[in-house]
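Student: For our numbering, add 529 to where a residue sits in the sequence shown, where the first one is 1. Shown below is the structure under consideration.
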Amino acid sequence: MKHITIAGFILFLLIASNTLSDEKTFNVLKKKFSSTKTFTADFSEQTITKKGSTQSFSGKISLKRPHFLRMEILSPQKELIIYNGKKVWFYFPEKQYCLIYSSSTNSYISKVPEYIFSPFDNLTADTIITTGDSIIVELNPVDTNTTIKSLHFVCMYKTMFPKSITLTDRTGNKTVYSFSNVKINIKKEIDFNFSPPQGTKIIEK
530 MKHITIAGFI
540 LFLLIASNTL
550 SDEKTFNVLK
560 KKFSSTKTFT
570 ADFSEQTITK
580 KGSTQSFSGK
590 ISLKRPHFLR
600 MEILSPQKEL
610 IIYNGKKVWF
620 YFPEKQYCLI
630 YSSSTNSYIS
640 KVPEYIFSPF
650 DNLTADTIIT
660 TGDSIIVELN
670 PVDTNTTIKS
680 LHFVCMYKTM
690 FPKSITLTDR
700 TGNKTVYSFS
710 NVKINIKKEI
720 DFNFSPPQGT
730 KIIEK
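Structure, rendered in structure tokens:
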């Protein structure tokens with residue numbers, strides 16, 4: 530489930546590209562999107578299954594063109610997920626083990642940068658509402674074979690940064706993301722490679 534929900538998270542910028550019917554606003558969004566080289570934010574995620582059970586976690590996310598991702602999950606337990614375009618690392622420091630996938634064997638994570646930085650053909654907007662300081666958008670994927678069924682997106686009108694995303698998959702599960710402390714194009718260097726500490730159990734897939 531977590532791999533699917535993380536893949537869903539890739540849509541945070543995707544939405545800010547393909548949403549608004551107003552041509553002027555769309556052009557502003559497109560220009561902002563094309564100039565985005567890095568994205569960092571604090572986030573929380575709640576997954577609600579079709580049966581009603583829930584799972585929550587929170588942490589920090591960093592992305593960089595063309596294909597880099599770093600996700601630090603801080604609660605309820607620590608986990609580090611890194612993708613450098615070739616490999617995906619899932620590191621669990623408290624359990625002292627690390628899963629390593631090639632990009633071809635873990636399609637969800639390896640697709641994250643692609644969807645974020647090349648999103649224009651992936652979603653279409655069905656409903657667009659501007660209310661107060663927010664823009665609310667309902668989107669559906671172009672590819673009907675994807676695991677994503679629909680997306681409810683709320684962004685800040687002034688900055689076009691995402692406030693929340695509700696992702697519904699084709700099995701009926703929902704994932705709600707909330708974002709804060711969003712920063713675009715920061716100059717701070719972020720490490721998108723990983724060397725497991727000595728003593729870590731390594732499992733390669």
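Glycine included, every Cβ here is placed at the ideal spot set by N, Cα and C. In this text the structure is predicted, and so the values were computed from the model without any measurement.
Leaving out the 5 sequence neighbours to the left and right, which residues in its chain are closer than 7 Å to Gln625 when beta-carbon positions are compared?
Tutor: One-based indexing of the sequence shown puts residue 625 at position 96. Within the same chain, Gln625 has close Cβ partners Gly728, Thr729 and Lys730.
Student: Alpha carbon to alpha carbon, how far is Phe619 from Ile629? Give it in angstroms, no decimals.
Tutor: Residue 629 sits at position 100 when you count from the first residue of the sequence shown. Residue 619 sits at position 90 when you count from the first residue of the sequence shown. Near 6 Å, if we compare the C-alpha coordinates of Phe619 and Ile629.
Student: Between which two residues does the beta strand (DSSP E) carrying Thr583 extend?
Tutor: If you number the sequence shown from 1, residue 583 lands on position 54. Note, Thr583: beta strand (DSSP E), Thr583 to Lys593.
Student: Just confirm the distance between the C-beta atoms of Phe708 and Lys687, as a whole number of angstroms; I'd bet it's less than 8 Å.
Tutor: Position 179 of the sequence shown holds residue 708. Position 158 of the sequence shown holds residue 687. At roughly 15 Å, the Cβ-Cβ gap does not stay under 8 Å, so Phe708 and Lys687 are not in contact.
Student: If you reduce the DSSP assignment to three classes, tell me which class Lys561 lands in.
Tutor: To locate residue 561, count along the sequence shown from 1; it is residue 32. In the structure shown, Lys561 sits in a helix (DSSP, three-state: H, G or I).
Student: Could you pull the start and end residues of the beta strand (DSSP E) that Gln727 belongs to?
Tutor: Looking up residue 727 in the sequence shown gives position 198. Unbroken run through Gln727: none, as it is neither H nor E.
Student: Between the alpha carbons of Asp720 and Arg599, how many angstroms are there, rounded?
Tutor: One-based indexing of the sequence shown puts residue 720 at position 191. One-based indexing of the sequence shown puts residue 599 at position 70. Going from the Cα of Asp720 to the Cα of Arg599 covers about 8 Å.
Student: Determine whether the beta carbon atoms of Thr567 and Ile713 lie at a separation below 8 Å.
Tutor: What you label residue 567 is simply residue 38 of the sequence shown in a count that begins at 1. What you label residue 713 is simply residue 184 of the sequence shown in a count that begins at 1. In this structure, Ile713 lies closer than 8 Å to Thr567 by Cβ.
Student: Can you tell me the Cα-Cα spacing of Phe572 and Pro622, whole angstroms?
Tutor: Position 43 of the sequence shown, counted from the first residue, corresponds to residue 572. Position 93 of the sequence shown, counted from the first residue, corresponds to residue 622. So the two alpha carbons sit approximately 20 Å from each other.
Student: Quick one: grab the DSSP three-state call for Glu667.
Tutor: Along the sequence shown, one-based indexing puts residue 667 at 138. It is a strand residue.
Student: On a CA-only basis, which of Cys627, Val666 and Arg699 is nearest Asn674? Give me that one, please.
Tutor: Position 145 of the sequence shown, counting from 1, holds the residue named residue 674. Per the Cα distances, Arg699.
Student: Val705 to Phe682, Cα distance in whole Å?
Tutor: Residue numbering aside, residue 705 sits at position 176 when the sequence shown is read from its first letter. Residue numbering aside, residue 682 sits at position 153 when the sequence shown is read from its first letter. Their backbone Cα atoms lie some 10 Å apart in a straight line.
Student: Quick check on DSSP: helix, strand or coil for Glu733?
Tutor: Translated into positions along the sequence shown, residue 733 becomes position 204. If DSSP states are grouped into helix, strand and coil, Glu733 belongs with the strands.
Student: State the CB to CB distance for the pair Lys616 and Ser631, rounded to an integer number of angstroms; the pair is presumed to be in contact (CB under 8 Å).
Tutor: Translated into positions along the sequence shown, residue 616 becomes position 87. Translated into positions along the sequence shown, residue 631 becomes position 102. That pair is a contact at about 6 Å.
Student: Whose C-alpha, out of Leu609, His596 and Lys716, is nearest the C-alpha of Phe586?
Tutor: Within the sequence shown, residue 586 is the residue found at index 57, counting from 1. Ranking the options by Cα distance to Phe586, first place goes to Leu609.
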